[in-house]
Structure formats: C-alpha cells, structure tokens
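So the structure is just underneath, and the comments pick up after that.
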Amino acid sequence: MQFPAMPSPEKIVFGYDPDEFEKFVEEWVPTLDSLYVRVERQGGAGDHGIDVAAFLTRQGLEGPWHNYQCKRYKGTLAWSTAAGEIRKMFVGVATGEFIVPEQYTFVAPSIGPSLRQALLRPERTRREFVESLSETTDKIITDLDPQLRREVEELAASTSFEMFETVNMKKMLEQHKTTDFWVKRFPPETPPRPAVMEPPEEPEPREARYVQQLLQVYAERWPTDASTPDQIAQHPKAGPHLRHQREAFFSAESLRRFGEEAYPAGHFEAIVKDIYDAVVDVARDDHPTGWKRLHAVTSQAISAGLTQTIFAQHVRTLDRTGVCHHLANEDELTWCEGEGI
C-alpha cells in the first residue's frame with residue numbers, strides 16, 4: 007500500500023487556525039533569546055494587542071519585554087492590518103496596561119509587500135502613522151477622550167518604529183526544529199517498508215513451537231489424514247493453511263526487523279501488546295476445537311484497533327495473523343485444549 011506523502015511543515019502551518027498558530031508561536035519564541043525568563047500567550051478578548059509576550063525580567067509587562075503579534079489569515083498580512091494592531095498597542099500603553107515593548111514582531115505565514123515596504127522605512131512610516139491618527143475611523147482611537155488621544159499621538163511620535171519587524175517563516179521553522187515540540191507537530195517522513203520475507207521451504211528451528219501448535223490443530227481436526235507432517239503436506243486444506251500461516255509469521259518477522267532498523271526501540275513490541283490485549287480473552291474463551299480457537303483469535307487480531315503511531319501505518323492484515331503466531335511461538339497463545347494459555 008502506498009501512503010500519501012506528508013505535507014511540508016510550511017503547508018501544515020498554513021493550515022492552522024488562529025488559535026493553533028498562536029500555540030505554535032509560543033513554542034517557537036523561547037528559541038530566540040535564552041534571556042527570556044518567561045514566555046506566555048496573552049491572546050484573546052481584551053489582550054490589548056498582545057498575542058505572545060516574552061519577558062526579559064520578572065517584572066513582566068512592567069519591565070522590558072517583547073511582543074509577538076500572531077496573524078493567521080488566508081492571505082498575506084498587509085500594512086493596513088498591522089497598523090491597526092500598532093494603534094491598539096499604543097492605546098494599551100497610554101491606558102497603563104503595559105509599557106512599550108522593546109521589540110514588536112509580526113508573525114504570519116505570509117507577509118504582504120505593503121508591510122515589508124513600510125517596515126523598511128521606519129522614520130517615514132512613523133511620520134505617516136502619526137499623521138493618520140487624526141483621520142482614522144478606528145474605534146479604538148475615536149472612542150478615546152481627547153487627552154488620551156493626544157497621549158497616544160505623542161507616544162507614537164516619540165517611539166522608534168525600528169522596533170517593528172517581521173519574521174521569515176522558513177527561518178522560524180528551522181528554529182522551531184530545535185524544540186521538543188517539532189516531532190509532535192511535524193512527524194518525520196517514514197521510510198518505505200522493504201519486501202516481506204518469504205518463508206523457507208522447510209520450517210526453521212525458530213519456528214518450532216508455533217508450527218508444533220499448528221500440527222496439533224490439524225491432527226485434532228483431521229486425525230486420520232493430517233496427523234503427520236507428510237500427511238499435512240499432502241492434505242488439501244491443512245497443507246495450504248500451514249503455508250499461509252508461515253507466510254504470516256514471516257510477514258510479522260519482516261515488520262519486526264523493519265521496526266528495529268528504521269524506528270526507535272519498542273514500536274513492534276507495542277503492536278504485539280495491542281494485538282495480545284485484543285485477543286487474549288478470545289483465546290481463553292471456550293472453543294470446541296483448536297481450529298475454532300485459532301480462527302477466532304486471528305479474526306479478532308485482524309479487526310483489533312492499534313495505538314496510532316508513525317509505525318502503525320506499516321502494519322498489514324497478514325502481519326496481524328503473524329503476530330498471533332509470534333505469540334504462540336512464545337506460548338503466550340495456545341490453540342488446543344490441554345496446552346494452557
């Protein structure tokens with residue numbers, strides 16, 4: 007089975023809703039400055055234009071801090087939108103919510119040319135921004151009393167617009183890659199599973215126990231014509247069944263080896279545990295014959311839910327049956343009465 011290629015981290019981030027994008031930014035910000043004593047999300051109603059705040063001292067918003075304004079839109083972030091956030095920030099300062107941040111970064115998957123050009127000319131942009139405050143219809147400004155409005159204008163006029171900047175999404179992703187959150191958000195591409203091992207013509211010593219259990223199943227069901235290896239080989243049902251069960255065993259063995267070579271330890275063992283937990287009660291139930299028990303258990307294994315991991319996508323139907331025989335090889339499962347489970 008061919009699995010679709012994983013989308014790139016850029017495409018994954020572009021698919022985030024605004025809330026998830028803020029969480030992503032909160033994970034990224036600590037990589038920027040080891041001097042940050044705390045980073046926290048402030049986004050929400052009444053946030054005064056702060057989405058993610060990074061504090062350089064324990065004074066929080068009353069001391070030196072950096073603001074990361076998160077804007078997740080379908081399109082690019084334009085200067086007109088950024089200007090509205092800057093107005094909100096100056097109002098927050100004028101009303102005593104916080105002091106002016108030392109740095110104000112607009113974080114968006116795509117930055118529009120109007121915003122890039124505005125930030126390349128900070129002096130001109132400041133002058134034009136201050137002039138626009140007297141003409142704006144933005145309610146956050148027009149609702150202010152005259153004194154506060156003058157304070158906002160004076161504050162904007164005395165603030166260096168060099169504090170405003172944007173961030174490159176590719177650089178942001180490279181920095182996020184150094185965090186523990188990276189592998190959770192962007193699972194690594196999985197290597198292709200190699201071809202399944204073919205069982206040798208004759209059973210090997212490592213197959214002894216599960217094959218012995220299968221021989222007991224056949225001897226119980228067909229006592230007169232499938233009670234010896236030679237008879238089973240010629241039997242129209244037992245012979246093909248044994249070959250298929252051995253194929254299943256080696257399919258699961260291929261999966262085990264692939265897991266050891268391509269993934270951290272424990273992935274195959276987790277699959278085995280999931281299947282064992284799903285089938286053990288079925289195996290312990292009453293069944294008229296070993297044949298019936300075997301089929302009940304393998305049917306349950308095929309339909310069992312598996313813990314969703316990056317490795318679980320490689321598990322095939324035949325592997326599930328093969329895992330049952332791996333368990334039988336260790337006497338974790340037995341088929342015929344008297345063998346014990």
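Here the sequence shown is numbered in my numbering, starting from 7 and rising by one per residue.
All C-beta atoms, glycine included, are put in the ideal place defined by N, C-alpha and C.
Backbone secondary structure at residue i - three-state DSSP
i: H293; result: coil
i: H273; result: helix
i: A201; result: coil
i: F104; result: coil
i: L333; result: helix
i: V278; result: helix
i: A381; result: Since the first residue of the chain shown is 7 and the last is 347, residue 381 is not available in this structure.
i: L83; result: strand
i: A124; result: helix
i: V43; result: coil
i: E129; result: helix
i: T165; result: coil
i: H301; result: helix
i: Q240; result: helix
i: W228; result: coil
i: F192; result: coil
i: Q48; result: coil
i: W341; result: coil
i: V58; result: strand
Contacts around residue i, its chain only, beta-carbon distance under 7 Å, and the 5 residues preceding and following it disregarded
i: A244; result: Y224, W228, A232 and I238
i: H293; result: R299 and A302
i: I146; result: R93, K94 and V97
i: F20; result: P115
i: G265; result: H273, F274 and F317
i: A89; result: F135
Top-ranked residue by Cα proximity to residue i, from the options
i: T172; options: W297, I105 and A114; result: A114
i: S14; options: T87, G272, C76 and W188; result: W188
i: M175; options: E226, H320 and C76; result: C76
i: L339; options: D287, R93 and V58; result: D287
i: L154; options: Y22, A88, T101 and L38; result: T101
i: S120; options: P36, A84 and H320; result: A84
i: E343; options: T327, A162 and R290; result: R290
i: T185; options: Y110, H320, F30 and L150; result: F30
i: M178; options: T37, P128, E195 and V321; result: T37
i: P194; options: Y269, E137 and S86; result: Y269
i: F112; options: E129, E137, L139 and R78; result: R78
i: G81; options: R263, D325, P24 and R133; result: P24
Buried versus exposed, by CB contacts within 10 Å (16 or more), residue i
i: H374; result: As displayed, the chain neither begins before 7 nor continues past 347, which places residue 374 out of reach and without an answer.
i: L156; result: Checking the displayed sequence, the identity of residue 156 turns out to be Arg instead of Leu. Exposed, by the Cβ-count rule.
i: T131; result: buried
i: S257; result: buried
i: E32; result: buried
i: D57; result: buried
i: S260; result: buried
i: L41; result: exposed
i: D392; result: Residue 392 cannot be examined here, being either before or after the span of the chain that is shown, 7 to 347.
i: A59; result: buried
i: A162; result: buried
Residues near residue i in its chain [Cβ-Cβ closer than 8 Å; skip 5 each side]
i: G69; result: F61, L62, T63 and I105
i: E108; result: L62, P70, W71, H72 and M169
i: E159; result: V136, L139 and S140
Close beta carbons around residue i, own chain, < 6 Å, minus the five adjacent residues each side
i: W341; result: Q219, V223, G296, R299 and L300
i: H54; result: G98 and E103
i: L67; result: F104
Test: residue i CB closer than 8 Å to a CB of chain D
i: H250; result: Chain labels in this structure do not include chain D; a single protein chain is all it has.
Is the region 324-337 close to the region 204-217, with three or more CB pairs under 8 Å? yes
With a cut-off of 8 Å, do at least 3 Cβ pairs link the region 312-327 to the region 267-282? yes
Quick test of the definition: if touching needs 3 or more C-beta pairs under 8 Å, does the region 251-266 touch the region 198-208? yes
Give a yes or no on contact between the region 121-133 and the region 162-169, applying the rule of three or more CB pairs nearer than 8 Å. yes
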